[in-house]
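Peer 1: Provided herewith is a single structure, encoded as structure tokens, for subsequent inquiry.
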Amino acid sequence: ARSSHRSDFSALPSYNMTNRRHKGICLIINNEDYVKARSNHKEFKDRRGSSRDADSIKELFAKLGFYVEYQKNLTKAKMDKLVDMMVNFQGLNTYSCFVAVFLSHGENECLNCVDGQDKKIDDIINAFKGDNCPALNGIPKWFIIQACRGKDFNYEVSIQHDAPGDEGHDVERQSDKPISIPACADFYISYATAPGYFSYRNTRTGSWFIQCLVEVLVKYNWCEDVNTMMTRVNRKVALGFHHKIEGEYVRQMPYHVNMLTGSLFLHPSYTA
């Protein structure tokens with residue numbers, strides 16, 4: 001239903017990163033060693049280079065003032081247990097921001113755990129929604145997922161250079177100060193690649209997506225919000241990398257789902 005009440009959206013509010021005792025918590029799960037999956041007759045190679053991603057992310061968020069929790073090589077059972085422990089962590093309501101980073105094999109909207117079993121990404125995200133995790137209600141929740149989402153190749157195409165337009169539009173909402181919010185509000189989900197496609201990782205330097213993400217956040221966290229920075233990441237990954245397969249070049253396009261209700265700035269606290 002359309003509301004007769006119109007609001008000025010020119011001044012988009014920002015999330016308060018100092019309204020709780022701690023700035024933020026960053027959970028990092030790095031599935032790199034798949035020997036257990038191979039022992040279960042699953043054909044998974046080890047994710048060489050993933051430790052480089054993990055180290056870069058750990059250093060970044062520590063410098064941004066986040067408490068970092070790092071876990072490596074989780075089976076499906078251990079992944080389930082960790083998610084449940086985090087959702088029910090009594091100190092979770094002392095953090096102003098929650099970030100979860102998953103470095104893993106994946107396919108069909110699932111993460112492949114190191115024993116070869118699948119963990120649905122939606123199940124992880126749903127666990128942190130407002131009706132399941134009230135400690136994070138109104139708090140920004142950023143999920144960063146470095147994993148394949150299928151087996152399709154994102155082949156290069158040619159483009160014509162047309163400048164984007166400046167058209168704007170009015171948006172309506174019911175109230176400036178709602179007394180309740182949707183359970184799925186305040187999420188930002190960053191996937192390394194679009195649905196159905198491969199994502200790529202250099203065995204020495206790490207994945208295209210994570211290394212670009214870290215580079216951009218280090219450079220721009222002091223002046224830009226997460227959504228703007230991730231658009232920079234999109235551009236760097238899409239235009240800065242390609243890989244040749246059977247004589248044709250393929251590229252990668254990151255993919256984001258934005259359910260934030262304000263701008264998410266990660267500064268201050270970062271010192272290069």
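Take the numbering used here: the final residue in the sequence shown is number 272, and no numbers are missing along the way. In this text, a Cβ means the ideal position worked out from N, Cα and C, and glycines have one as well.
Could I get the ranges of all uninterrupted beta strand (DSSP E) runs contained in the stretch 16 to 56, with 3 residues as the minimum, in chain order?
Peer 2: Runs of the beta strand (DSSP E) inside the stretch 16 to 56: 24 to 30.
Peer 1: In the DSSP assignment, the beta strand (DSSP E) including phenylalanine 66 goes from what residue to what residue?
Peer 2: Taken as a continuous stretch (DSSP letters only), the beta strand (DSSP E) holding phenylalanine 66 covers 66 to 72.
Peer 1: Would leucine 264 and tyrosine 15 qualify as a contact pair, given that the criterion is a beta-carbon distance under 7 Å?
Peer 2: Yes, they are a contact pair.
Peer 1: Classify cysteine 212 as helix, strand or coil using the three-state DSSP reduction.
Peer 2: Correct three-state label for cysteine 212: helix.
Peer 1: Quick one: give me the first and last residue of the alpha helix (DSSP H) that alanine 238 is part of.
Peer 2: Per DSSP, alanine 238 belongs to the alpha helix (DSSP H) from 226 to 240.
Peer 1: I need the straight-line Cα distance from leucine 266 to lysine 36, nearest angstrom please.
Peer 2: Going by the C-alpha atoms only, they are around 37 Å apart.
Peer 1: Would you list the one or two residues that DSSP bridges to isoleucine 121?
Peer 2: DSSP output for isoleucine 121 lists no bridge partner at all.
Peer 1: Identify, in the order they occur along the chain, each residue of the same chain with its Cβ nearer than 7 Å to the Cβ of histidine 242, setting aside the five sequence neighbours on each side.
Peer 2: Correct list, in chain order: Glu156, Tyr249, Val250, Arg251.
Peer 1: With DSSP collapsed to three states, give me the class of valine 218.
Peer 2: Helix.
Peer 1: Taking the alpha helix (DSSP H) that lysine 141 belongs to, which residues open and close that run?
Peer 2: Element bounds for lysine 141: not the alpha helix (DSSP H) but the beta strand (DSSP E), 141 to 146.
Peer 1: Buried or exposed for cysteine 223, please, with buried defined as at least 16 other CB atoms from any protein chain shown within 10 angstroms of its CB.
Peer 2: That one is exposed.
Peer 1: Going by DSSP, what residue range makes up the alpha helix (DSSP H) through lysine 81?
Peer 2: Start and end: 76 to 87.
Peer 1: Kindly indicate which three-state DSSP category leucine 111 falls into: helix, strand or coil?
Peer 2: Correct three-state label for leucine 111: strand.
Peer 1: Excluding sequence positions up to five away, which residues of its chain have a Cβ less than 7 Å from the Cβ of glycine 106?
Peer 2: Hits under 7 Å: Asn112, Ala147, Cys148, Arg149.
Peer 1: Since I believe methionine 259 is in contact with phenylalanine 143 (beta carbons under 8 Å), could you give me their beta-carbon distance rounded to a whole number of angstroms?
Peer 2: Not a contact, Cβ separation roughly 11 Å.
Peer 1: Do cysteine 26 and valine 83 have their beta-carbon atoms positioned less than 7 Å apart in this structure?
Peer 2: Not closer than 7 Å, so no.
Peer 1: Distance, Cα to Cα, arginine 20 vs glycine 262?
Peer 2: Their Cα atoms are separated by approximately 17 Å.
Peer 1: Taking the alpha carbon of lysine 23 as the point to measure from, which residue in Gly91, Ile125, Phe198, Met86 has its own alpha carbon closest?
Peer 2: Of the candidates Gly91, Ile125, Phe198, Met86, the one whose C-alpha sits nearest the C-alpha of lysine 23 is Gly91.
Peer 1: Does the beta-carbon distance from aspartate 33 to aspartate 46 come in below 7 Å?
Peer 2: Going by C-beta atoms, aspartate 33 is nearer than 7 Å to aspartate 46.
Peer 1: Kindly indicate which residue of Phe44, Val226, Met253 has the alpha-carbon position closest to the one of leucine 239.
Peer 2: Comparing Cα-Cα distances from leucine 239 to each of Phe44, Val226, Met253, the minimum goes to Met253.
Peer 1: For lysine 81 and phenylalanine 89, I'd like the C-alpha separation in whole angstroms.
Peer 2: C-alpha separation (whole angstroms): 12 Å.
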